[in-house]
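In our numbering, the protein residues as written are 15 to 137.
First comes the structure, then the notes that go with it.
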């Protein structure tokens, strides 16, 4: 029947995908700071061929994550909205462990959020 055929087709498609996991570390994991302070969040991983590091912000009460910017090798690209308040730095070139950071230049009440770092192969 159609359901069995569809399931078989989906199953055969999934067998062609290679699953790859990497462990991305962020430090510190929790931060409480005074207003007007600056803070730097570090991100690292050991996948030597992943030359793209993206930073996201998830504000309280929201499920969506907003892209702050990204590091591609050593070039930084910031979303316009975040250019004045954040700085991304690092160097992902070479064949060693990858390290980058996100700096909140001057934390304010609206800086309260969960910040995510993600790694990807450069396209």
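Here a beta-carbon is modelled for each residue, glycine too, at the ideal position from N, C-alpha and C.
Put simply, of 68, 64, 119, 122 the residue whose alpha carbon is nearest the alpha carbon of residue 80 is 68. Secondary structure at residue 115: strand, using DSSP grouped into helix, strand and coil. The count of Cβ pairs closer than 8 Å, one atom from the region 44–64 and one from the region 125–133, reaches three, so the stretches are in contact. Assignment of residue 96 by DSSP, reduced to helix, strand and coil, places it in the helix class. An exposed status is given to residue 45, since fewer than 16 other beta-carbon atoms sit within 10 Å of its beta-carbon. Between the alpha carbons of residue 70 and residue 98 lies a gap of roughly 16 Å. Distance between residue 109 and residue 65, taken at the CA atoms: about 10 Å. Burial is judged here by how many other beta carbons sit within 10 angstroms of a residue's own beta carbon; residue 100 has at least 16 and is buried. When 54, 103, 92, 105 are compared, the shortest CA-CA separation from residue 121 is found for 54. About 6 Å separates the beta carbon of residue 117 from that of residue 52, a gap short enough to meet the 8 Å contact definition. For residue 89, DSSP records a beta bridge to 86. Distance from residue 74 to residue 111 at the Cβ level is roughly 32 Å; contact not present, criterion being Cβ atoms closer than 8 Å.
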